[in-house]
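In the working numbering, the protein residues as written are 365 to 666.
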Ligand code: EPU
């Protein structure tokens with residue numbers, strides 16, 4: 365979508381929002397798939413209520429983009445604009461055993477910076493790509509760790525109330541790859557309370573997790589991590605593997621040879637290829653195991 369509305373264009377500077385024209389989401393997502401639209405980069409959290417009100421009033425559909433690492437976007441001219449937080453400097457502030465982190469901060473960098481301050485607990489999250497905001501919304505997890513366990517409070521834009529709020533950790537429910545945030549809430553910042561640990565001990569944990577990940581996941585390839593959530597008590601990757609589907613492809617969208625729950629863009633996969641592959645694999649798993657796999661990847665198809 366190309367913003368032409370004069371009222372909107374004139375308001376952006378006052379709101380401290382930068383307009384970036386014609387951004388291809390294939391360059392903003394780890395899958396390397398997605399069409400073109402205008403991107404609005406927000407430099408001040410406090411502008412968000414006015415910005416969203418304005419876009420709604422002027423009939424401009426919008427979606428909120430985090431790090432793009434768990435996202436599949438349709439191709440072509442997109443019927444919405446994309447909002448993204450600019451990264452402040454600094455984006456992480458340590459106070460005692462608290463880390464105050466902007467939602468735009470990189471998750472891996474957050475884990476290592478906290479480690480340097482002898483704050484641990486998040487070692488398992490080291491290889492999870494994306495921003496802290498994205499990790500928070502999905503309650504990202506790996507190797508027995510999930511980010512929700514460390515949340516003291518969250519600053520967010522509550523779409524339902526149209527205002528910025530601070531929510532205490534105990535008011536938020538964090539479950540396996542699911543939280544009580546509404547789909548249109550925007551994560552803005554989080555305070556994490558972390559256990560004290562010697563740096564060398566944290567580093568050792570980080571090394572072990574990195575090695576496990578390197579051995580079992582296709583890290584050098586374009587993917588969105590695991591495509592499906594694990595069904596309760598089961599493993600989506602193992603089921604897909606058992607069906608002999610590693611290497612199975614639609615166009616350039618392919619089930620990874622290394623981990624069957626990772627679908628990679630092996631060249632110039634379209635969103636349609638990837639969606640067809642997801643549908644095909646889901647159907648086969650349903651037929652063979654009578655299990656309906658739920659997407660972990662977020663799909664923007666309208
Ligand atoms: N397995 C296979 N074949 C495969 C893949 C896995 O047989 O192709 C088997 C493994 O041998 C193992 C079991 O399935 O016995 C589980 O596999 P793994 O340890 O790789 O974990 P996972 O359940 O597939 C989950 C998360 C990952 C996270 C890892 C490590 C989900 C959907 N996936 O994978 O998270 O990195 O554990 O903790 O919960 C993500 O969320 O995007 C993601 C990659």
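All C-beta atoms in this analysis are idealised placements derived from N, C-alpha and C, irrespective of residue type, glycine included.
Heavy atom of the ligand EPU within 6 Å of residue i beta-carbon
i           : result
residue 560 : no
residue 573 : no
residue 602 : yes
residue 512 : no
residue 623 : yes
residue 589 : yes
residue 594 : yes
residue 394 : no
residue 506 : yes
residue 634 : no
residue 433 : no
residue 580 : yes
residue 599 : yes
residue 549 : no
residue 380 : no
residue 605 : yes
According to DSSP, residues forming a beta bridge with residue i
i           : result
residue 535 : Per DSSP, none; premise fails for residue 535.
residue 435 : 662
residue 655 : Note: residue 655 sits in no beta bridge, so no partner.
residue 519 : 530 and 553
residue 404 : 383 and 447
residue 573 : In the DSSP output, where bridge partners are listed per residue, residue 573 has none listed.
residue 587 : 628
residue 373 : Paired residues: none, contrary to the question.
residue 618 : 613 and 628
residue 388 : 400
7 Å Cβ shell around residue i - same chain, five flanking residues per side excluded
i           : result
residue 550 : 412, 428, 520 and 521
residue 396 : 390, 586 and 629
residue 625 : 590, 591, 592, 600, 601 and 604
residue 566 : 479, 484 and 487
residue 633 : 397, 615, 616 and 617
Contact under 7 Å by Cβ, residue i with residue j
i           : j           : result
residue 465 : residue 456 : yes
residue 487 : residue 590 : no
residue 499 : residue 462 : no
residue 492 : residue 474 : no
residue 375 : residue 418 : yes
residue 617 : residue 641 : yes
residue 467 : residue 552 : yes
residue 637 : residue 661 : no
residue 438 : residue 490 : no
residue 422 : residue 372 : yes
residue 365 : residue 445 : yes
residue 690 : residue 609 : With the chain covering only 365 through 666, there is no way to say anything about residue 690.
Neighbourhood of residue i by C-beta, 6 Å cutoff - its chain only, sequence neighbours within 5 removed
i           : result
residue 611 : 621
residue 518 : 531 and 554
residue 631 : 616
residue 556 : 463 and 514
residue 516 : 533, 555 and 557
residue 665 : 438
residue 481 : 458
residue 719 : What is shown of the chain runs 365 to 666, which leaves residue 719 out entirely.
Sequence-distant residues of the same chain with beta carbon closer than 8 Å to residue i, five excluded per side
i           : result
residue 378 : none
residue 655 : 595, 598, 603 and 649
residue 400 : 386, 387, 388, 389, 440, 441 and 442
residue 580 : 622 and 623
residue 659 : 591, 592, 593 and 642
residue 450 : 382, 405, 406, 407 and 468
residue 527 : 413 and 521
residue 409 : 449, 519, 521, 528, 552 and 553
residue 369 : 422 and 424
> Is it a yes or a no for the segment 525-543 touching the segment 501-514, going by three-plus beta-carbon pairs under 8 Å?
Replying inline: yes
> Is the segment 433-442 touching the segment 577-596, taking contact as three or more C-beta pairs under 8 Å?
Replying inline: yes
> Can we say the segment 395-415 touches the segment 595-606, given the rule of at least three CB pairs closer than 8 Å?
Replying inline: no
> Three or more beta-carbon pairs under 8 Å between the segment 575-584 and the segment 635-652, yes or no?
Replying inline: no
> Do the segment 560-570 and the segment 477-487 touch if we need at least three Cβ pairs shorter than 8 Å?
Replying inline: yes
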